[in-house]
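Inspection log for the structure reproduced underneath, given as structure tokens.
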Amino acid sequence: MTSVNGSSGRNVKGICALLLLGAAAPAMAQPAPTAAEDIIVSARKADERLQDVPISVNAMTTEELQARGAVDFRDVLRAIPGVAFAGLDRGLNLYNIRGISTSAAAPTVGIFLDDIALTTLFTGFSGAYDPVLFDMERIEVLKGPQGTLYGGSAMGGAIKYVSARPRMNDFGLDTAVNVGGTRGGEASFGAEAVLNIPVITDRLSVRGGIFFQRDGGY
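Numbering (our numbering), first residue to last: 208 to 425.
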């Protein structure tokens, strides 16, 4: 994928993803079989088809993120109506959905990575950390109050990042590189790799990855 980024400084980032272990779980109720084109979301903390969820949800899959060459959430904002942001520090933004915002310290949009809230005391409750779009299965944007399932700071909605799950029986190696240029500045480049290794058929697999991105200044 190719991206063009401009930045007023130099920023070198290296991220090594932790290994994710997947093990077989006891038999549980599963969603009904779906067609290949169905998008499965977990907006209500259960796997459901997007068309069966009775709330307003926009979902962007891995394929769509890759087609856009998306590195962070700002790269996909134009494809999701009703969402705006105010830039804070690098990697830290304040979002609003459907124009719902507040002058108080608490944000109105919750940011979650696999149901873990990214709005913390360390961000002054004024924003949330923006995960790098690395090895993501999808992004879900939930519009409207989400306090029942996601707690406070979700009066306007929630943005949920869902990490890719280990595949139990498939060995796979996915790689990608990106190169960009900045007019009057330096080159930007990055690389990533994700390895999926089955250990015990249908019971255990290991998934891990590494990501590097350098944004050239001007």
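The beta carbon of each residue, even a glycine, is placed where N, CA and C say it ideally should be.
Inset, instruction - Sort out for me which residues DSSP pairs Tyr336 with in a bridge. - result: For the purposes of this step, residue 336 is identified with residue 129 of the sequence shown, where counting begins at 1. DSSP output for Tyr336 lists Leu299 as bridge partner(s).
Inset, instruction - Within its chain, find whatever has a CB closer than 6 Å to the CB of Asp321; leave out the 5 residues flanking it on each side and keep chain order. - result: Within the sequence shown, numbered from 1, the residue matching residue 321 stands at position 114. For Asp321, where only same-chain residues beyond five positions count, the Cβ hits under 6 Å are Ser370.
Inset, instruction - Identify which residue in Ile323, Val248, Met343 and Gly379 has its Cα closest to the Cα of Ala335. - result: Within the sequence shown, residue 335 is the residue found at index 128, counting from 1. Of Ile323, Val248, Met343 and Gly379, the residue nearest in Cα terms is Ile323.
Inset, instruction - Could you give the DSSP three-state label for Phe280: helix, strand or coil? - result: As a first step, residue 280 is located in the sequence shown; it is residue number 73 there, counting from the start. Phe280: helix per DSSP, three-state reduction.
Legend entry - Option in Gly416, Met267, Lys367 and Val384 with minimal Cα separation from Ile404: The residue you call residue 404 lines up with position 197 of the sequence shown. Ranking Gly416, Met267, Lys367 and Val384 by Cα distance to Ile404 puts Gly416 first.
Legend entry - Leu284 vs Val290 beta-carbon contact at 8 Å: Start at 1 with the first residue of the sequence shown, and residue 284 comes out as number 77. Start at 1 with the first residue of the sequence shown, and residue 290 comes out as number 83. The answer is yes: Cβ separation under 8 Å.
Inset, instruction - Would you check if the distance between the CB atom of Pro373 and the CB atom of Arg410 is smaller than 8 Å? - result: If you number the sequence shown from 1, residue 373 lands on position 166. If you number the sequence shown from 1, residue 410 lands on position 203. Cβ atoms of Pro373 and Arg410: not closer than 8 Å.
Legend entry - Uninterrupted beta strand (DSSP E) stretches inside the stretch 387–419 (no shorter than 3 residues): Annotation note: the stretch 387–419 contains the following uninterrupted beta strand (DSSP E) runs of length 3 or greater, listed N- to C-terminal: 395–407.
Inset, instruction - Using the DSSP secondary-structure output, state which residues sit across from Gly317 in a beta bridge. - result: Here residue 317 refers to the residue found at position 110 of the sequence shown. Answer is Ala365, bridged to Gly317.
Inset, instruction - Whole angstroms is fine: what's the gap from Val406's alpha carbon to Gly379's? - result: In the sequence shown, counting from the first residue as 1, residue 406 sits at position 199. In the sequence shown, counting from the first residue as 1, residue 379 sits at position 172. Cα to Cα, Val406 sits roughly 13 Å from Gly379.
Legend entry - Pairwise C-alpha distance: Asp279 and Leu340: Here residue 340 is taken as the residue at index 133 of the sequence shown, counted from 1. Here residue 279 is taken as the residue at index 72 of the sequence shown, counted from 1. Approximately 5 Å between the Cα atoms of the pair.
Inset, instruction - Identify the continuous beta strand (DSSP E) that holds Thr326 and give its terminal residues. - result: On the sequence shown, position 119 is the one that residue 326 refers to. No beta strand (DSSP E) holds Thr326; DSSP gives it neither H nor E.
Legend entry - Terminal residues of the beta strand (DSSP E) in which Arg345 lies: Taking the sequence shown and counting its residues from 1, one reaches residue 345 at position 138. Unbroken beta strand (DSSP E) run through Arg345: Met343 to Lys350.
Inset, instruction - Tell me whether Gly379 sits in a helix, a strand or coil according to DSSP, three-state version. - result: The residue labelled residue 379 in the question sits at position 172 within the sequence shown. It is a strand residue.
Inset, instruction - From the DSSP output, in three-state form, read off Asp266 for me. - result: The sequence position of residue 266 within the sequence shown is 59, counting from 1. Just to set this straight, residue 266 is Ala in the shown sequence, not Asp. Reduced to three states, the DSSP call for Ala266 is strand.
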